[in-house]
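Residue numbers (my numbering): 1 to 208.
See below:
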């Protein structure tokens, strides 16, 4: 049996400042640090004491600050994987959200959605993001460990789950799993059929 817990980072300064996140390296707010501590306690309750555990995190500051209390609670050091980063919004990163909203070109209802140009210089496409996240998940799931924790971002969570259930990347143009900041998603693979379940999506009871 493998249990994988995905934590989306809690409230960060780009949320409260109303600026675009992406690769903009924002930090957790004081409230976000409290939420990270709550997530760490929840993960500690979910992972059996003494169980072999691994912790992976995006290398951006807000996810590292989320992973640190989780690692302390579990007695493990986080492995930083840049592939777990949020989508890059290119030149929009760190700018007011309104700046991005004025220039953003939404994907079409039909046709090419994965490699769609959103009109922002330097921004990743959905395909770029999905390719990175799928690659990170290949790295994580190739390891033989019964308890794994992944700390990532709200937008990235969609493709963590899509990769987990084996959705072909070319079929992921419409998929979206919504995540609350600080939420926990529980994924499980059984050791007989090797079916992969989504046990809980975006659990938030630990946040009060």
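The C-beta atom is built at its ideal place from N, Cα and C for all residues, glycine as well.
Problem - Closest Cα partner of residue 14 within the set 180, 4, 5 and 28 - result: Residue mapping note: residue 14 aligns to position 14 of the chain shown, counting from 1. The residue with the shortest Cα to Cα distance from residue 14 is 28.
Exercise for the section: Could you spell out where the alpha helix (DSSP H) holding residue 188 opens and where it closes? Expected result: Position 188 of the chain shown, counted from the start, is the residue given in the question as residue 188. For residue 188, there is no enclosing alpha helix (DSSP H); the enclosing beta strand (DSSP E) has its first and last residue at 184-189.
Problem - residue 5 (DSSP reduced to helix, strand or coil) - result: As a first step, residue 5 is located in the chain shown; it is residue number 5 there, counting from the start. Three-state result, residue 5: strand.
Practice task
Within the same chain, show all residues whose beta-carbon is closer than 7 Å to that of residue 62, passing over the 5 residues directly before and after it, in chain order.
Solution key: Position 62 of the chain shown, counted from the first residue, corresponds to residue 62. 9, 12, 26, 27 and 28, listed in sequence order.
Problem - Spatial neighbours of residue 46 in its chain, beta-carbon cut-off 7 Å, leaving aside the 5 residues before and after - result: For this step, residue 46 is matched to residue 46 along the chain shown. Excluding positions up to five away in sequence, the list reads 5.
Practice task
Give the secondary structure of residue 170 by DSSP, where H, G and I count as helix, E and B as strand, and everything else as coil.
Solution key: As a first step, residue 170 must be located in the chain shown, where it is residue number 170. Three-state DSSP puts residue 170 in a helix.
Problem - residue 57 versus residue 102: straight-line alpha-carbon distance, rounded - result: Counted from its first residue, the chain shown places residue 57 at position 57. Counted from its first residue, the chain shown places residue 102 at position 102. In a straight line, the C-alpha of residue 57 is about 32 Å away from that of residue 102.
Handout entry: residue 40: first and last residue of the uninterrupted alpha helix (DSSP H) it sits in
Key = Reading the chain shown from its first residue, position 40 is the one you call residue 40. First-last of the alpha helix (DSSP H) with residue 40: 30-46.
Exercise for the section: Pull up the distance between the alpha-carbon of residue 157 and that of residue 78, whole angstroms please. Expected result: Taking the chain shown and counting its residues from 1, the one referred to as residue 157 is at position 157. Taking the chain shown and counting its residues from 1, the one referred to as residue 78 is at position 78. Rounded to the nearest angstrom, the two C-alpha atoms are 18 Å apart.
Exercise for the section: Go ahead and pull the three-state DSSP assignment for residue 82. Expected result: Stepping through the chain shown from its first residue, residue 82 is reached at position 82. Three-state result, residue 82: helix.
Handout entry: Buried or exposed by the 16-neighbour rule on C-beta atoms within 10 Å, applied to residue 178
Key = Counting from 1 along the chain shown, the entry for residue 178 is found at position 178. With fewer than 16 other Cβ atoms within 10 Å, it is exposed.
Handout entry: Opening and closing residue of the beta strand (DSSP E) in which residue 56 lies
Key = One-based indexing of the chain shown puts residue 56 at position 56. Element bounds for residue 56: 53-57.
Handout entry: C-beta contact flag for residue 196 and residue 165 at 8 Å
Key = Counted from its first residue, the chain shown places residue 196 at position 196. Counted from its first residue, the chain shown places residue 165 at position 165. Yes, the Cβ-Cβ distance between residue 196 and residue 165 is below 8 Å.
Problem - Whole-angstrom C-beta distance between residue 20 and residue 100, which should lie under 8 Å - result: As a working note, residue 100 is residue 100 in the chain shown. As a working note, residue 20 is residue 20 in the chain shown. Contact flag correct, Cβ pair sits at about 5 Å.
Problem - Inter-residue Cα distance where the pair is residue 96 and residue 192 - result: Taking the first residue of the chain shown as position 1, residue 96 is located at position 96. Taking the first residue of the chain shown as position 1, residue 192 is located at position 192. If you take the alpha carbons of residue 96 and residue 192, they lie about 50 Å apart.
Problem - Residue nearest to residue 170 in terms of C-alpha spacing, selected from 7, 115 and 24 - result: The sequence position of residue 170 within the chain shown is 170, counting from 1. For residue 170, the nearest C-alpha among the options comes from 115.
Handout entry: Contact set for residue 182: own chain, Cβ-Cβ below 6 Å, skip 5 residues either direction
Key = Within the chain shown, residue 182 is the residue found at index 182, counting from 1. So the qualifying residues of the chain are 10, 35, 39 and 207.
Handout entry: Within 8 Å, strictly: CB atoms of residue 145 and residue 86
Key = Counted from its first residue, the chain shown places residue 145 at position 145. Counted from its first residue, the chain shown places residue 86 at position 86. No; because the gap between Cβ atoms is not below 8 Å, this pair is not in contact.
Exercise for the section: Label residue 132 either buried or exposed according to how many other C-beta atoms from any shown protein chain fall within 10 Å of its C-beta, with 16 as the threshold for buried. Expected result: Here residue 132 refers to the residue found at position 132 when the chain shown is read from its first residue. It counts as buried.
Practice task
Taking only the alpha-carbon atoms, compute the straight-line gap between residue 105 and residue 49 and give it to the nearest angstrom.
Solution key: Within the chain shown, numbered from 1, the residue matching residue 105 stands at position 105. Within the chain shown, numbered from 1, the residue matching residue 49 stands at position 49. If I take the Cα positions, the gap works out to 48 Å.
Exercise for the section: Mind checking who residue 197 pairs with in its DSSP beta bridge? Expected result: Residue 197 sits at position 197 when you count from the first residue of the chain shown. Answer by DSSP bridge pairing, in chain order: 188.
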